[in-house]
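Everything below concerns the one structure shown next.
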Amino acid sequence: DVCDPSEMEKYFEETPDAWKLVQKFRGPFYLVYHSQNPGFDKNHNCLMAARSKITASSKSAKYALHYITSKSTEEVGSVNVKAQKSDLAYENENMFVVENIPGRTSGQHRYQLLFSDYKSCAVLRSNLLGVQVWVTKVYLEKRNVVPYSCSLIYDLAADQNKTLSFDWRKCGIFKRTEL
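Under the UniProt record's numbering, the residue at position 14 of the sequence shown is numbered 14, and the numbers go up by one with no gaps.
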């Protein structure tokens with residue numbers, strides 16, 4: 001069974017807060033793995049996001065994106081993100097509405113925040129990629145692993161599906177040479 005985020009929320013000291021995550025995570029952070037749409041990674045390897053602008057009055061931000069395509073070319077883009085509540089039952093804004101910049105792929109995508117430690121990682125859920133784990137570049141450089149708390153929440157929510165999105169060698173962020 002897949003865990004219901006609203007049920008999981010009550011077991012944490014702090015409920016998911018998408019706006020707090022926007023404020024705390026300036027970036028860069030990487031998509032490490034996800035549970036759906038394995039073909040996405042062929043054209044979005046080493047997907048990295050970093051906040052470039054924040055607007056407190058509308059609880060929104062602009063993020064720069066960087067990734068490597070299947071032809072090994074680097075792509076750069078940006079998206080607008082707004083923190084919102086998925087419904088009134090949530091104490092805080094618990095999801096992101098992501099709008100693509102005009103001229104790029106159109107439409108909105110919704111990402112629900114399932115969990116974050118607000119220091120090094122976040123677990124999200126969307127229709128596009130299912131459950132996802134995002135980890136800060138700083139944490140990956142120091143530890144070479146996904147934080148246990150985010151890994152555990154992912155395993156509870158993703159129902160055994162895992163597509164590795166982050167190529168540990170290709171993304172080239174490590175200062176050490178264990179890999």
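Every residue, glycine too, gets a C-beta built ideally from N, C-alpha and C.
Evaluate Val22 with the Cβ neighbour count: other Cβ atoms within 10 Å of its Cβ, from every protein chain shown; 16 or more gives buried, anything less gives exposed. buried
For Asp17, three-class secondary structure by DSSP: coil
Whole alpha helix (DSSP H) runs in the segment 127-168 with 4 or more residues, listed along the chain? 137-143, 148-158
Alpha carbon to alpha carbon, how far is Asp167 from Val131? 18 Å
Figure out for me which residue from Tyr30, Lys20, Arg26 has the closest Cα to the Cα of Val133. Tyr30
Contact belief for Pro16 with Asn94 at Cβ below 8 Å, rounded distance in angstroms: 5 Å
Using the Cβ count rule (16 or more neighbours within 10 Å means buried), how would you classify Thr73? exposed
Helix, strand or coil at Gly39 [DSSP, three-state]: helix
Can you grab the Cα-Cα spacing for the pair Gln84 / Ala18, in whole Å? 8 Å
Confirm, please, whether the CB-CB distance from Phe115 to Cys150 is below 8 Å. yes
Three-state secondary structure assigned by DSSP to Ser70: The three-state reading of DSSP puts Ser70 in coil, since its state is none of H, G, I, E or B.
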